[in-house]
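Worksheet: the structure to be examined is printed underneath.
There are 6 protein chains.
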Amino acid sequence: MSVRVFSVTVRDHMMIAHSFRGEVFGPAQRLHGATYVVDATFRRADLDADNIVVDIALATRELNAVLAELNLRNLDDEPAFAGVNTSTEALAKVVADRLADRVHAGRLGEGARGLAAIAVTLHESHVAWAGYERDL
Amino acid sequence: MSVRVFSVTVRDHMMIAHSFRGEVFGPAQRLHGATYVVDATFRRADLDADNIVVDIALATRELNAVLAELNLRNLDDEPAFAGVNTSTEALAKVVADRLADRVHAGRLGEGARGLAAIAVTLHESHVAWAGYERDL
Amino acid sequence: MSVRVFSVTVRDHMMIAHSFRGEVFGPAQRLHGATYVVDATFRRADLDADNIVVDIALATRELNAVLAELNLRNLDDEPAFAGVNTSTEALAKVVADRLADRVHAGRLGEGARGLAAIAVTLHESHVAWAGYERDL
Amino acid sequence: MSVRVFSVTVRDHMMIAHSFRGEVFGPAQRLHGATYVVDATFRRADLDADNIVVDIALATRELNAVLAELNLRNLDDEPAFAGVNTSTEALAKVVADRLADRVHAGRLGEGARGLAAIAVTLHESHVAWAGYERDL
Amino acid sequence: MSVRVFSVTVRDHMMIAHSFRGEVFGPAQRLHGATYVVDATFRRADLDADNIVVDIALATRELNAVLAELNLRNLDDEPAFAGVNTSTEALAKVVADRLADRVHAGRLGEGARGLAAIAVTLHESHVAWAGYERDL
Amino acid sequence: MSVRVFSVTVRDHMMIAHSFRGEVFGPAQRLHGATYVVDATFRRADLDADNIVVDIALATRELNAVLAELNLRNLDDEPAFAGVNTSTEALAKVVADRLADRVHAGRLGEGARGLAAIAVTLHESHVAWAGYERDL
Numbered sequence: 001m002s003v004r005v006f007s008v009t010v011r012d013h014m015m016i017a018h019s020f021r022g023e024v025f026g027p028a029q030r031l032h033g034a035t036y037v038v039d040a041t042f043r044r045a046d047l048d049a050d051n052i053v054v055d056i057a058l059a060t061r062e063l064n065a066v067l068a069e070l071n072l073r074n075l076d077d078e079p080a081f082a083g084v085n086t087s088t089e090a091l092a093k094v095v096a097d098r099l100a101d102r103v104h105a106g107r108l109g110e111g112a113r114g115l116a117a118i119a120v121t122l123h124e125s126h127v128a129w130a131g132y133e134r135d136l
Numbered sequence: 137m138s139v140r141v142f143s144v145t146v147r148d149h150m151m152i153a154h155s156f157r158g159e160v161f162g163p164a165q166r167l168h169g170a171t172y173v174v175d176a177t178f179r180r181a182d183l184d185a186d187n188i189v190v191d192i193a194l195a196t197r198e199l200n201a202v203l204a205e206l207n208l209r210n211l212d213d214e215p216a217f218a219g220v221n222t223s224t225e226a227l228a229k230v231v232a233d234r235l236a237d238r239v240h241a242g243r244l245g246e247g248a249r250g251l252a253a254i255a256v257t258l259h260e261s262h263v264a265w266a267g268y269e270r271d272l
Numbered sequence: 273m274s275v276r277v278f279s280v281t282v283r284d285h286m287m288i289a290h291s292f293r294g295e296v297f298g299p300a301q302r303l304h305g306a307t308y309v310v311d312a313t314f315r316r317a318d319l320d321a322d323n324i325v326v327d328i329a330l331a332t333r334e335l336n337a338v339l340a341e342l343n344l345r346n347l348d349d350e351p352a353f354a355g356v357n358t359s360t361e362a363l364a365k366v367v368a369d370r371l372a373d374r375v376h377a378g379r380l381g382e383g384a385r386g387l388a389a390i391a392v393t394l395h396e397s398h399v400a401w402a403g404y405e406r407d408l
Numbered sequence: 409m410s411v412r413v414f415s416v417t418v419r420d421h422m423m424i425a426h427s428f429r430g431e432v433f434g435p436a437q438r439l440h441g442a443t444y445v446v447d448a449t450f451r452r453a454d455l456d457a458d459n460i461v462v463d464i465a466l467a468t469r470e471l472n473a474v475l476a477e478l479n480l481r482n483l484d485d486e487p488a489f490a491g492v493n494t495s496t497e498a499l500a501k502v503v504a505d506r507l508a509d510r511v512h513a514g515r516l517g518e519g520a521r522g523l524a525a526i527a528v529t530l531h532e533s534h535v536a537w538a539g540y541e542r543d544l
Numbered sequence: 545m546s547v548r549v550f551s552v553t554v555r556d557h558m559m560i561a562h563s564f565r566g567e568v569f570g571p572a573q574r575l576h577g578a579t580y581v582v583d584a585t586f587r588r589a590d591l592d593a594d595n596i597v598v599d600i601a602l603a604t605r606e607l608n609a610v611l612a613e614l615n616l617r618n619l620d621d622e623p624a625f626a627g628v629n630t631s632t633e634a635l636a637k638v639v640a641d642r643l644a645d646r647v648h649a650g651r652l653g654e655g656a657r658g659l660a661a662i663a664v665t666l667h668e669s670h671v672a673w674a675g676y677e678r679d680l
Numbered sequence: 681m682s683v684r685v686f687s688v689t690v691r692d693h694m695m696i697a698h699s700f701r702g703e704v705f706g707p708a709q710r711l712h713g714a715t716y717v718v719d720a721t722f723r724r725a726d727l728d729a730d731n732i733v734v735d736i737a738l739a740t741r742e743l744n745a746v747l748a749e750l751n752l753r754n755l756d757d758e759p760a761f762a763g764v765n766t767s768t769e770a771l772a773k774v775v776a777d778r779l780a781d782r783v784h785a786g787r788l789g790e791g792a793r794g795l796a797a798i799a800v801t802l803h804e805s806h807v808a809w810a811g812y813e814r815d816l
């Protein structure tokens, strides 16, 4: 089986407050916060007619738009996350799924309809990060 | 004038929630949060009898202790910061001053009494950081 | 085929001495040393009941415990590595396999029994790193 | 199915000028330039007789040789790229394919004939990078 | 003498083409290019009424505006640089001086008139960077 | 007083074994090792006739030559360090002083005789580094 895959990644960030429920979280059950440096990777087997994976300006704009819905907020107050632990890995899925919706809605351009997968990594510090990858 | 200065830096991090007051802060007036990756630098002109600037194990321990007083908290609820904007640069001074107190109290070892200055940098994202430097 | 995978990564480091045998290693046949900045990644298809991949405090503790068995040592003197070239990639496997043993022994928590794979990367400098990935 | 894969990565860089054709590129249709920090990753399921993935000195030398054919040039003037948009992702494939040719020609050593795949990542800034992965 | 200085740094980037004149530059006399990851640091001894060094939103906007005058261009064609080697260190001074002009013109806010110095660093690769610092 | 200073920094690395003497070093009294990622910064108030701080090719070559005298060695066996703790900060001074000697000997070019200062930083891990700065 032959493998070949191209990827493009763009980086942005968001700064949120939240708290966790469950003994496993220890002192992180208190209200605290995090900067997430967010990497969104787009993958496909072949380049489009412009010889690119995705229009990087649109990818950057749409990642920023997805993060703007979360940025500078207390996630404990967001109805979308009621009763849910907004762990780094769970937030990576939220960002990836919302990006996938925008790909399907054509907001990353017509060429982006050929994308095969999205991977999102959220860096929470210099010693910890989490991610989620899914196909399209 | 001859210049010669040695330095040692150790890195740790903290994750806090807070909000700002003042129009200049825009949407950051909302409750949000940040990971601060914290670099504490110790400077002096000459090394001590062990050929070091400071015992790096003690420096690491004391930086961690200073950050533990702030970590995983909502700074808006801390009496020490009542009525104060806990900007990144202001927090850098808090960390530097508390480290200076610990140097003076001997908690970084007797050799550390020869330290000349402390600089603290707080990285709030991949595109912004702030710092404070002071002598001892 | 649908792909979905979550991951969590924690970082630590170790500082060891060693030498290599074989002409391919050139001057690295001399006794020298390395700092390895170690990233341990844990993967699974679905999150556990707390909405996480693994308890990050336990992952951090166990990675530190695995590295403590190697850290600040001359690997040439360790019986476990007698007659073996402790290349960066070979050490990545050692760390991954010892972490896997700890997962199976329950030291990363009961939820961690649902982990699917472990990947370990050892960064030996700003221009070289090596890794090993295995399923569980 | 059991998964096990070792990898070794080496880093180098190149600094080139180029321009793009196509409305999607906006102001990047003008002649401009980029530093690409290039990571070349070599993968295989089992280590060779020296307990390594590849001779890192040869991998470093050959990556440098591949980049030397592109470095400090205006890619718009290179016959190999006539009529082609030299996007970051397209250049990642060029580097990977040329490294693959060198593996097949024995320039990374006889042991390197056991390599299974090559992945190349080109970092174009602190907020964007692209890659290409292929088997051998 | 007591030393105390606060700083805030913001990061952005630009991608330019250029060539150098002079034997010292070797193959870099050919037309080539670079990504410069640009750090602009603002310093002052005391914080303003909002407890900050500078409005970080304005600092980010003005740095971006300064870089937009250079970004995605061939500097060899810019009248401002006729007959001048646009070395990394020389470009750092251009960026710093243009930021200083904007500070003096009030574009970083009235509070920014209290700034004492600006330092600019341009990272041209993972192994080289250059900077310029000046007072205001 | 007007301040203006240019700088250029180049990065390389070395991998050494060593041990420390003194209780303050704890388990680091055992033979172990380190990768030092080394940044050498050259400073001056005005650029030379080529509009640069220093010939970056010569700076890179001479830093590499200084590190080659230490790289892939057990520093405990080096006569130059007999009875001396080769702490990170002490090694930073060794590298800076040897670079200064090479500047004075003209090995960084005639233009480099105008350099004002050298700063050297040795990164020993992702959480610790040390440095030394001196004038010329």
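Chains as they are written, first to last, in our numbering: chain A, 1 to 136; chain B, 137 to 272; chain C, 273 to 408; chain D, 409 to 544; chain E, 545 to 680; chain F, 681 to 816.
Ideal Cβ placement from N, Cα and C applies to all residues, glycine included.
Quantities reported herein were computed from a predicted structural model and do not represent experimental measurements.
Residue range 600-612 is occupied by the alpha helix (DSSP H) that includes E:L602, with no beta strand (DSSP E) assigned at that position. Sixteen is the threshold: since fewer than 16 other Cβ atoms of the shown chains lie within 10 Å of the Cβ of E:H648, the residue is exposed. Of all C-beta pairs linking the stretch 578-594 of chain E to the stretch 654-672 of chain E, three or more are shorter than 8 Å, placing the two stretches in contact. The beta carbons of D:R510 and D:E470 sit closer together than 8 Å. Between C:K365 and C:E405, the alpha-carbon positions lie close to 8 Å from each other. Restricting attention to beta strand (DSSP E) runs no shorter than 3 residues, the stretch 736-812 of chain F encloses them at 797-805, ordered along the chain. Note that the C-beta distance between C:N346 and C:A306 is not below 8 Å.
If you draw a 10 Å sphere on the C-beta of B:A185, you find fewer than 16 other C-beta atoms in it, and that means exposed. For E:F550, the uninterrupted beta strand (DSSP E) run begins and ends at 548-562, by DSSP. Of the candidates C:G378, C:H285, C:E295, C:R379, the residue whose Cα lies closest to the Cα of D:D463 is C:E295. In the structure shown, the three-state DSSP call for F:A720 is strand.
For the pair A:V53 and A:V8, the CB atoms are nearer than the 8 Å cut-off. Using a CB distance cut-off of 8 Å, E:L611 does not count as an interface residue toward chain D. For the pair E:R555 and B:V141, the CB atoms are not nearer than the 8 Å cut-off. Interface flag for A:N74 against chain B is set, since a Cβ pair is found closer than 8 Å. Collapsing the DSSP output to three states places F:A714 in a strand. Pairing B:V139 with F:D777 gives a Cβ-Cβ distance that is not under 8 Å. Note on geometry: alpha-carbon atoms of D:R452 and C:G355 lie some 22 Å from one another. Taking all protein chains in view, the Cβ of B:G267 is crowded by 16 or more other Cβ atoms within 10 Å, so the residue is classified as buried. The straight-line gap separating the alpha-carbon atoms of D:N493 and E:G570 is approximately 28 Å.
Within the stretch 441-471 of chain D, no residue has its Cβ closer than 8 Å to any Cβ of chain A. Annotation: Cβ neighbours of A:L31 in chain B (cutoff 7 Å, chain order): A153, N210. Near chain C, meaning a CB-to-CB distance below 9 Å, the residues of the stretch 74-94 of chain A are V84, N85, T86, S87, T88, E89, A90, A92, K93. Chain-ordered, the chain B residues with CB closer than 7 Å to the CB of F:D815 read S138, V139. If you draw a straight line from the Cα of F:R701 to the Cα of F:Q709, it comes to about 6 Å.
Scanning chain F for C-beta atoms nearer than 8 Å to the C-beta of C:E396 yields M695, T715, reported in chain order. In this structure, the beta-carbon distance from C:L380 to C:L330 falls below 8 Å. Apart from sequence neighbours up to five positions away, the residues of its chain that approach C:S359 with a beta-carbon distance below 8 Å are F292, A402, ordered along the chain. As DSSP reads the structure, C:R406 sits in a beta bridge with C:I390, D:R412. The closest CA to that of D:D484, considering only E:F625, E:M558, E:H576, E:M559, is found on E:H576. Nearest C-alpha to F:N751 among F:N731, F:L795, F:V775: F:V775. Non-local C-beta neighbours of B:A252 in its own chain, meaning closer than 8 Å and more than five positions away in sequence, comprise V141, R179, R180, A181, D271, L272, ordered along the chain.
Around the beta carbon of A:A90, a 10 Å sphere encloses 16 or more other beta carbons of the protein chains shown; the residue is thus reported as buried. Looking at D:E518, D:F489, D:M423, the one whose alpha-carbon comes closest to that of A:N51 is D:F489.
Taking a beta-carbon distance threshold of 8 Å, F:R691 counts as an interface residue toward chain E.
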